[in-house]
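Enquirer:
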Amino acid sequence: MSPFGFTPDDGDEEGKKPEDFSAMMRQMQEQIQKQFEQMGINPAGFINPFAAFAGGSTDALPKNVVRDTAKKFVQVQGSEPIGTKDVSVVASAFEISDLWLNEAMHFPATQSSSSPRAVSRLDWVDLTLDGWHQTMEPLATGLSTAISGLLDDASGSSEEMANSMGAITGLLRTFIGSMIATQLGQAIGSISASATGVHDVGLPLLTPAHPVLIPENIEKWSTDLEIPKSEVYIFHALREAAVARLFEHNPWIVAYIRSAIVDYGRGIHIDMDAIQRQAEDAMQNFDPSQMNPESGENSFSIALNKGIFTPEETPAQRAALSKLETVLALVDGWADEVTTQAAGDRLPALAQLREIYRRQRATSAPSQQLFSSLLGLQVTPRLAREASAFWQKIREVKDIAARDQIWSGILPSAQELLDPEKFMKSAQIPDDLSGLL
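In this note's numbering, the protein residues as written are 16 to 452.
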């Protein structure tokens with residue numbers, strides 16, 4: 016079997032050639048376009064594996080595909096417009112949270128931004144789109160490069176095969192880019208229904224960073240809670256504003272998080288056999304009437320997390336996963352510790368709010384939704400409690416400034432979260448360095 020999962024031509028037995036794959040991809044394109052037409056999306060230029068041949072866009076991660084898919088998902092789920100009451104409630108919550116955070120953290124408030132601080136779900140997509148694209152594009156680029164390398168190796172020394180592979184390489188690069196963009200858009204659209212703010216995801220999505228809340232989702236989050244709405248809004252404003260300050264005053268963390276995603280992507284193997292199997296299954300079982308835009312499930316499914324890209328499980332791959340999980344937990348745990356310190360006894364329902372937040376994150380954290388749907392990567396929240404306890408211990412043994420200054424140095428590993436005092440000793444620079452010379 017060839018690297019593409021096709022059986023070569025052997026004697027009288029009719030084998031599949033690369034041209035057959037091209038024809039199959041054309042059929043898939045037509046079916047996908049029909050599917051999205053039924054969803055109300057204009058497919059022109061939306062998912063077009065043959066853009067490379069027609070001189071169209073060959074971006075590794077087409078931003079228009081991400082945006083259109085995300086917005087369609089939001090429209091299906093619903094998005095309430097922002098009213099004057101929403102603006103007033105959010106502004107009041109942020110005004111209070113800024114005052115409290117000034118006492119509980121080392122980083123000053125972010126500069127005032129002309130962007131609104133209360134947004135609808137649709138506005139949230141527009142606001143965060145560039146951040147999503149910048150964060151995930153290197154991963155898509157790496158995958159496209161891997162595809163090119165794989166097909167270049169397969170073409171061998173045959174000029175005829177090389178010409179065929181060159182055409183298929185362009186087709187696959189564009190097709191894979193569209194698939195990644197589509198699934199990223201689906202993930203963003205799904206997250207928009209549950210995220211309470213821009214930084215609730217734990218990723219740097221705004222430049223410059225500033226706090227933003229989604230009133231519709233906070234109302235949904237607090238349904239059936241016998242807690243004053245003012246406390247609920249202040250609680251979320253504290254978390255949102257804290258993470259915004261963290262990212263704004265520590266720009267290297269932005270690069271660190273993105274590098275962790277890219278490092279993980281480098282260890283992903285492209286399984287061409289899986290692409291062929293899923294494509295054939297999808298074509299055989301395709302039924303447009305079964306499309307469910309809200310869940311993203313449909314009878315035509317070529318999912319990135321169903322075997323096309325599989326981790327090699329190398330030490331480097333495991334290290335990248337640990338790095339990503341740990342830094343996301345550190346951000347989440349730090350926000351929890353800072354929020355608790357800032358609120359003190361001024362929010363009577365603080366303990367209840369923290370527990371509700373943790374329970375919901377344990378099952379449907381935005382970062383879990385993103386990485387699971389896009390890469391099949393299970394970024395679990397298991398380290399969040401340990402990270403919160405770590406930051407609390409640092410503050411108790413040292414002070415707020417010492418806790419926050421850790422962000423400017425070497426971050427703790429997952430193992431070091433369990434022993435904060437040992438980490439502090441290892442990170443401490445001795446007054447007398449003569450013994451190290």
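Quick reminder that beta carbons are idealized off the backbone N, C-alpha and C, glycines included. Predicted model only: the values in this text are computed from it and were never measured.
Report the option in SER205, PRO381 and ASP351 whose CA atom is closest to the CA atom of GLU370.
Expert: ASP351
Enquirer: Applying the criterion that 16 or more other CB atoms from any shown protein chain within 10 Å of the CB defines a buried residue, is GLU231 buried or exposed?
Expert: Counting Cβ neighbours within 10 Å, GLU231 comes out buried, since at least 16 surround it.
Enquirer: Count the other CB atoms, across all protein chains shown, that sit within 10 Å of the CB of ILE206; report buried if there are 16 or more and exposed otherwise.
Expert: ILE206 counts as buried, since no fewer than 16 other beta carbons sit within 10 angstroms of its beta carbon.
Enquirer: Where do the ends of the alpha helix (DSSP H) carrying LYS244 lie?
Expert: 244 to 264
Enquirer: Run the CB neighbour count on THR329, radius 10 Å, all protein chains shown included, and call it buried at 16 or more, exposed below.
Expert: exposed
Enquirer: Tell me which residue opens and which closes the alpha helix (DSSP H) that VAL89 is part of.
Expert: In this chain, the alpha helix (DSSP H) harbouring VAL89 covers 78 to 92.
Enquirer: According to the neighbour-count rule (16 or more other Cβ atoms, all chains shown, within 10 Å of its Cβ), is SER245 buried or exposed?
Expert: exposed
Enquirer: With DSSP collapsed to three states, give me the class of LEU137.
Expert: helix
Enquirer: Nearest to ASP419 by alpha carbon, out of THR341, ARG260 and GLU436?
Expert: ARG260
Enquirer: At the 9 Å Cβ level, is GLN149 part of the contact set with chain D, yes or no?
Expert: Of the protein chains in this structure there is only one, and it is not chain D.
Enquirer: Can you name the start and end residues of the alpha helix (DSSP H) that ALA111 belongs to?
Expert: The sequence given here places Ile at residue 111; Ala does not occur at that position. Segment 99 to 119, the alpha helix (DSSP H) holding ILE111.
Enquirer: If we ignore side chains and look at the alpha-carbon of each, how far apart do GLU411 and VAL89 end up?
Expert: 43 Å
Enquirer: Quick check on DSSP: helix, strand or coil for LEU218?
Expert: coil
Enquirer: Does the distance from the CB of LEU368 to the CB of VAL247 come in under 9 Å?
Expert: Result yes, Cβ atoms of LEU368 and VAL247 sit closer than 9 Å.
Enquirer: Let me know the secondary structure DSSP gives ARG373 once reduced to three states.
Expert: helix
Enquirer: Counting C-beta neighbours from all protein chains within 10 Å, is the total for GLY311 16 or more, i.e. buried, or is it exposed?
Expert: For GLY311, the predicted structure reports a pLDDT of 43, less than 50, and the residue's modelled location is therefore unreliable. A value from the coordinates is still provided. Under this definition GLY311 is a buried residue.
Enquirer: Within the chosen definition, does the stretch 192 to 203 reach the stretch 219 to 227 through at least 3 CB pairs nearer than 8 Å?
Expert: With the cut-off at 8 Å, the stretch 192 to 203 and the stretch 219 to 227 do not touch.
Enquirer: Would you check if the distance between the CB atom of GLY348 and the CB atom of GLU401 is smaller than 9 Å?
Expert: It is a contact, given that the beta carbons lie within the stated cut-off.
Enquirer: List the whole-angstrom C-beta distance separating ARG333 from ILE229, where the pair is believed to meet the contact cut-off of C-beta under 8 Å.
Expert: Actually they are not in contact, since the Cβ atoms of ARG333 and ILE229 sit about 35 Å apart, beyond 8 Å.
Enquirer: Quick test of the definition: if touching needs 3 or more C-beta pairs under 8 Å, does the stretch 209 to 218 touch the stretch 99 to 111?
Expert: no
Enquirer: Contact defined as beta carbons within less than 8 Å: I believe VAL258 pairs with LEU142. What is the distance between those atoms, to the nearest angstrom?
Expert: About 15 Å separates the beta carbons of VAL258 and LEU142, which is beyond the 8 Å limit, so they are not a contact pair.
Enquirer: Could you tell me the alpha carbon to alpha carbon distance between ALA124 and ALA416, rounded to whole angstroms?
Expert: Rounded to the nearest angstrom, the two C-alpha atoms are 15 Å apart.
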